[in-house]
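Colleague: Here it is, the structure, as structure tokens.
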């Protein structure tokens, strides 16, 4: 299940675009990009423990190697900060990035993603 980013922060240029309340971040120019993600995750109501949650970056539906985070919850009422960062080469555009998830029922919030074109 992809995570939805509800708002946009600072945007400079037009190489990277995102529509509010969408999981899709679209890269519109080939190049090398730095991608950084951070978010808070907590078990959802009725979750069974232990509960493992994995968040990972995809480009065009394919997982980006090295861009993932895993946390295992052992009790309700806890929150974990999950983050990853990676350099990504985009050879053809447009390319759609998403942060996807695996695991049981969880709630996420305070999610932020930063995509910077390096060259």
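Residue numbers (the numbering used here): 1465 to 1583.
Note that CB positions come from ideal geometry on N, CA and C, so glycine has one too.
Owing to the predicted nature of the structure, the values given are computational and were not obtained by experimental measurement.
In angstroms, rounded to a whole number, what distance separates the CA positions of residue 1461 and residue 1581?
Modeller: No answer is possible for residue 1461: the residues shown for the chain start at 1465 and end at 1583.
Colleague: Closest by CA to residue 1554, which one among 1498, 1566, 1505, 1544?
Modeller: If we check each option's Cα against that of residue 1554, 1498 comes out closest.
Colleague: Please look up how many angstroms separate the CB atoms of residue 1538 and residue 1513, rounded, as I've assumed it's under 8 Å.
Modeller: Indeed, because the Cβ distance is near 6 Å, the residues count as touching under 8 Å.
Colleague: Closest to residue 1578 by C-alpha separation, out of 1535, 1466, 1521, would be which residue?
Modeller: Closest option to residue 1578, Cα to Cα, is 1521.
Colleague: Take residue 1477 as the anchor and find which of 1468, 1469, 1490 has the nearest alpha-carbon.
Modeller: If we check each option's Cα against that of residue 1477, 1490 comes out closest.
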